[in-house]
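Heads up: the structure comes next, in structure tokens.
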Amino acid sequence: DAKTTQPNSMESNEEEPVHLPCNHSTISGTDYIHWYRQLPSQGPEYVIHGLTSNVNNRMASLAIAEDRKSSTLILHRATLRDAAVYYCILRDRTLGSGGSNYKLTFGKGTLLTVNP
Amino acid sequence: ETGVTQTPRHLVMGMTNKKSLKCEQHLGHNAMYWYKQSAKKPLELMFVYSLEERVENNSVPSRFSPECPNSSHLFLHLHTLQPEDSALYLCASSQGDSRNEKLFFGSGTQLSVL
């Protein structure tokens, strides 16, 4: 499986932008880059994903390097509710006999602390 | 509310007990997953079901027995567990064959084995 590298922790101030980096130098041409986050006492939740182009949604933006060996999750204005562990994951596709399914291999992620 | 409901939220059991974890998804998805999250360790994929058929078993000990009676329900039957099995057990679902496939997780069952 292609692996990702993220800083163990980062700190930000409320209402400031946050840039969470992820390195994935062994990414293959068909790997999608997914980001999930896990708030305290909850299961992970989907944030955003992309393949080659930068992506925006209501939660965040994803900037993907031209060589796709790194990406950055951008939270434009951090709030206290954004404090969580953020996971950068390369999607690994497996094929089941009854159809397709995708398994995601989670790493340790980045613990984001947001200061008031 | 993610559309994936897990019960119970908390469970304490002895090593000789038999218990079951339940997961239900209301999203019409065709794939369901069990993940284990031990303290200070990454999430570990345990089982994957696609269209009610098990397609992945990540070398999980036989004291964990999954069951998927239909596409909306997933169980994890537990028997003769060890204290090191104490962890957060997370269920997830997804819709296969989709470029935009996302995993939707429940809130998990926090299991303590005494």
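For the protein sequence lines, the chains are S and A, in the order given. Using the working numbering, read the first sequence as starting at 527 and increasing by one per residue. Using the working numbering, read the second sequence as starting at 11 and increasing by one per residue. We put the beta carbon where it would ideally sit given N, CA and C, even for glycine. Quantities reported herein were computed from a predicted structural model and do not represent experimental measurements.
Going by DSSP, what residues sit across from S/Cys614 in a beta bridge? Residue pairing by DSSP places S/Cys614 opposite S/Trp561 in a beta bridge.
Exposed unless 16 or more other CB atoms sit within 10 angstroms - verdict on S/Val611: A residue is called buried when at least 16 other Cβ atoms come within 10 angstroms of its Cβ; S/Val611 meets this threshold and is buried.
Among A/Leu91, A/Ser82, A/Glu77, which has the Cα closest to the Cα of A/Pro71? When A/Leu91, A/Ser82, A/Glu77 are compared, the shortest CA-CA separation from A/Pro71 is found for A/Leu91.
Suppose the cutoff is 7 Å on Cβ atoms and the five residues either side in sequence are ignored; what does the same chain contact list for S/Leu601 look like? In chain order, Pro543, Val544, Ala586, Asp608 place their CB closer than 7 Å to the CB of S/Leu601, counting only its own chain and leaving out the 5 sequence neighbours on each side.
For A/Thr26, which of A/Ser117, A/Leu53, A/Pro93, A/Asn80 has the nearest alpha-carbon? Of A/Ser117, A/Leu53, A/Pro93, A/Asn80, the smallest CA-CA separation from A/Thr26 is found for A/Pro93.
Tell me the DSSP secondary structure of S/Leu621 in three-state form. Reliability fails at S/Leu621, whose pLDDT of 44 lies under 50, so the model's placement of it is uncertain and the value that follows must be treated cautiously. The answer is strand: DSSP assigns S/Leu621 an E or B state.
With the cut-off set at 8 Å, would you say A/Leu103 and A/Met42 are in Cβ contact? With the sequence shown as reference, residue 103 of chain A is identified as Ser, and Leu is not the correct amino acid for it. Annotated as proximal: A/Ser103 and A/Met42, with beta-carbon spacing under 8 Å.
Let me see if you follow: with CB-CB separation under 8 Å, is S/Pro570 close to chain A or not? True, the Cβ-Cβ gap to chain A drops below 8 Å.
Which ranges would you report for the beta strand (DSSP E) in the stretch 15–58 of chain A if only whole runs of at least 3 residues count? Annotation note: the stretch 15–58 of chain A contains the following uninterrupted beta strand (DSSP E) runs of length 3 or greater, listed N- to C-terminal: 20–23, 28–35, 41–47.
Hey, out of A/Glu111, A/Gln105, A/Cys101, A/Ser122, whose CA is closest to S/Gln568's CA? From the listed residues A/Glu111, A/Gln105, A/Cys101, A/Ser122, the smallest Cα separation to S/Gln568 is found for A/Cys101.
DSSP beta-bridge partners of S/Thr648: In the structure as shown, chain S starts at 527 and stops at 642, and residue 648 of chain S therefore has no counterpart that could be examined.
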